[in-house]
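Asks:
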Amino acid sequence: MTRTQLTTLDEVQLLDTTLRDGEQMPGVSLTPGEKVDIARELDAAGMHLIEAGSACTSEGEREAIRRVADEGLDATVTSFARGVKRDVDHALDCGVDGINLVVPASDKHVETKVGSTRDDVVETTVELVEYAKDHGLWVEVLGEDGSRADLDYLERLLGAGLDAGADRICYCDTVGAADPERTAEVVSRLADRGPTSLHTHDDLGFGVANVHAGLKAGADTVHGTVMGVGERAGNVALEEVAIALDQSYDIDTVELERLYRLCRTVSDATGVALPPNKAVCGANAFAHESGIHTDGTLKDGTMYEPYPPETVGRERRLVLGKHAGRAGVKAALAEHDVAVDDDELSEVVSRVKELGDRGKRVTDADLLAITEDVQGRERDRHVELVDLSATSGGNLPTASVRLRVGDDERVASGTGSGPVDAGLEAVRAALSGDHAGEGVAFELDSYHVDAITGGTDAVVTVEVDLSRGDRSVSVSSTDADITRASVVAMVDGLDRLLSAAEDGSTPDAASLADD
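Here it is in structure tokens:
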């Protein structure tokens, strides 16, 4: 592809505001521990700046910011601060490296929101920048609602911040109202005054486009959040910015191979699911079902992918359904070390399509069961759920399971954040040697629930993807009880994983206990 130069910069810096702006997404509230975990992942990925929160919010928020600031991260750690002195003092108390000083820029914000005047805002901004710099803080001045501000006034306001000693200024499309042309016009003026950042939202779907327009106009730093979490339609997604700049313009930002792990960390902490059709982190980003696409991808990975999934820490996934072809089914079976002849393959493909025509996702367990039936093989279960009980009343959800492992029966219990989580922990305990260890090492890569009937007697289907070492398996289970459906799916998946030993043999109970 012919590449158009976006900027003369070899590197664009990223400022992550997942811990502040991202947390303002309705329903999202991060504990101090979760903020620290996310900050560590951000730092490991090479994030340049991390806005750890808004110190003015509460003492609990200040404690979280302190913990992030005390981590000794390579990234510059900052706090959001409004245009009042006590916000700067709160930030200083948290021990951060700097502040993102947000002051009103549009008349709507200057006059209606804070009841001030343009001149007073400029004067206050200068005083606060000087105060923060006198106390050793790195300072970025953000003109809130800058995309709808009078451009001459915005330039005057942010220019005054730079003259007072601010390290940089920021163009803010606070409500995602700007188009790329407006962004380029504003940023080109601001960048002539000094180092300029971009803070864009996605309300018009222009989040990434405005970033590119702003960088082309002279900006050198991008604010955003992981997965684009944030208010309304969200902030620009930093993983999308990073991969687009790398692939289209050869511009470095962060460690790309850590992007998927970072998205998973944020998803787990915030409870915001990864959309299946999301770039970089979506379940379908590197998934192929169509027979033509699968065949082409198996021959040449670039056939239907713009870049290898390993670039962002992912793996390619072949999905089976009514569009599946022989090449995809054969490749999926090969991943489980199952060989079929041409006639058997034809029959397996036919049955897979039949399931897909009924609207069913064909999981790995379905595929293996179909193949066993076609080949006339009977498979002995090595791990099977015998009984399950779960309680979610009170403060600590608890579950107990009885498993048949080889010729043994094992009973164990677990606790968790909910009955499903407790059931998973009970299964881990039952598969550990002493029922008190950490259990079998496996990862729950994805968990999805669909209600397939309505009303109070709804039946649900739970689909899980599990992995253990270099093996993975997808399984589904349907039941009126979501906890039972979840545990059955997990146990069935573990049965498949644990039965598939490296040499093709099946492990006995003793080898399971020693894991």
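Mapping of the sequence shown onto the numbering used here: residues 93 to 607, in sequence order. C-beta atoms are modelled at their ideal positions from N, C-alpha and C, and glycine is treated no differently. Since the model is a prediction, treat every value here as computed from it, not as a measurement.
#1: In the DSSP assignment, find the alpha helix (DSSP H) that holds Asn302 and state where it starts and stops.
#2: Just to check my reading of the structure: Val454 and Leu447 have Cβ atoms closer than 8 Å, yes? What is that Cβ distance to the nearest angstrom?
#3: Does Ala224 pass the burial test, meaning 16 or more other C-beta atoms within 10 Å, or should it be called exposed?
#4: Once the 5 residues before and after Asp344 are set aside, which same chain residues still bring their CB inside 6 Å of it?
#5: Helix, strand or coil for Gly468 per DSSP?
#6: Evaluate the contact criterion for the stretch 156 to 169 versus the stretch 203 to 213: three or more CB pairs, one atom per stretch, below 8 Å.
#7: Distance, Cα to Cα, Val218 vs Val364?
#8: Is the CB-CB distance between Ile43 and Leu354 below 8 Å?
#9: Around the Cβ of Arg450, are there at least 16 other Cβ atoms within 10 angstroms (buried) or fewer (exposed)?
#10: Using only CA atoms, which one of Gly114, Ala431, Glu555, Arg588 lies nearest to Val328?
#11: Which residues in the same chain as Leu330 place their Cβ atom closer than 7 Å to its Cβ, once the five residues preceding and following it in sequence are excluded?
#12: Pair every Cβ in the stretch 190 to 203 with every Cβ in the stretch 228 to 238, then say whether three or more of these pairs are closer than 8 Å.
#13: Just curious, the beta strand (DSSP E) that Gly349 is in, first and last residue?
#14: Of the choices Gly286, Asp295, Asp259, whose alpha-carbon is the least far from that of Asp265?
#15: Hey, Ser569 and Asp557 are a contact pair by Cβ (cut 8 Å); roughly how many whole angstroms apart?
#16: Taking the alpha-carbon of Val214 as reference, which of Leu425, Gly190, Val176 has the nearest alpha-carbon?
#17: Label Ser566 either buried or exposed according to how many other C-beta atoms from any shown protein chain fall within 10 Å of its C-beta, with 16 as the threshold for buried.
#18: Taking 8 Å as the threshold (C-beta atoms), are Arg560 and Leu589 in contact?
#19: Can you name the start and end residues of the alpha helix (DSSP H) that Glu501 belongs to?
#20: If you draw a straight line from the C-alpha of Arg408 to the C-alpha of Val551, how long is it?
#21: Give the range of the beta strand (DSSP E) segment to which His201 is assigned.
#22: Check this for me: beta carbons of Glu163 and Ala131, under 8 Å apart or not?
#23: Note down, in chain order, each residue of its chain lying with its Cβ closer than 8 Å to the Cβ of Met117, except the 5 sequence neighbours on either side.
#24: Quick check on the DSSP output: what are the complete alpha helix (DSSP H) runs of length 4 or more inside the stretch 407 to 483, in order along the chain?
#25: Looking at the unbroken beta strand (DSSP E) that takes in Pro196, where does it start and where does it end?
#26: Determine the burial state of Ser578: buried for a count of at least 16 other Cβ atoms within 10 Å of its Cβ, exposed for fewer.
#27: Closer than 6 Å by C-beta to Leu586: which residues in its own chain qualify, once you throw out the five before and the five after it? Chain order, please.
#28: So the beta strand (DSSP E) His263 belongs to, where does it begin and stop?
#29: According to the neighbour-count rule (16 or more other Cβ atoms, all chains shown, within 10 Å of its Cβ), is His304 buried or exposed?
#30: Hey, how far is the Cα of Ala602 from the Cα of Val478?
#31: How many angstroms separate the CA atom of Asp513 from the CA atom of Leu536?
#32: Just to confirm before moving on: does the CB-CB distance between Leu249 and Tyr263 stay below 8 Å?
#33: Kindly indicate the opening and closing residues of the beta strand (DSSP E) around Thr575.
Replies: Here's the rundown:
#1: That run of the alpha helix (DSSP H) goes 299 to 308.
#2: 5 Å
#3: buried
#4: The answer, listed in chain order, is Glu103.
#5: coil
#6: no
#7: 39 Å
#8: As shown, the chain starts at 93 and ends at 607. That puts residue 43 outside it, with no answer to give.
#9: Classification of Arg450: exposed, given that the 10 Å Cβ count is below 16.
#10: Comparing Cα positions, the closest option is Gly114.
#11: Leu106, Asp108, Gly316, Thr317, Val318
#12: The stretch 190 to 203, when compared against the stretch 228 to 238, does touch it at the 8 Å Cβ threshold.
#13: Reading off the sequence, residue 349 comes out as Glu, not Gly. It is not in any beta strand (DSSP E) - Glu349 carries neither H nor E in the DSSP assignment.
#14: Asp295
#15: Rounded, the Cβ-Cβ distance is 13 Å, inconsistent with contact.
#16: Val176
#17: Buried.
#18: yes
#19: Premise fails: Glu501 lies in the beta strand (DSSP E), 500 to 507, not in any alpha helix (DSSP H).
#20: 31 Å
#21: Per DSSP, His201 belongs to no beta strand (DSSP E) and is neither H nor E.
#22: yes
#23: Val321, Gly322, Glu323, Gly326, Thr362, Val364
#24: Within the stretch 407 to 483, the complete alpha helix (DSSP H) runs of at least 4 residues are 418 to 427, 434 to 449, 456 to 466.
#25: 190 to 196
#26: buried
#27: Val475
#28: It should be noted that the sequence gives Tyr, not His, for residue 263. First-last of the beta strand (DSSP E) with Tyr263: 260 to 265.
#29: buried
#30: Below a pLDDT of 50, predicted positions are generally treated as unreliable, and Ala602, at 37, falls in that range; no measurement from the model is reported.
#31: 11 Å
#32: no
#33: Note, Thr575: premise wrong, no beta strand (DSSP E); alpha helix (DSSP H) at 574 to 591.
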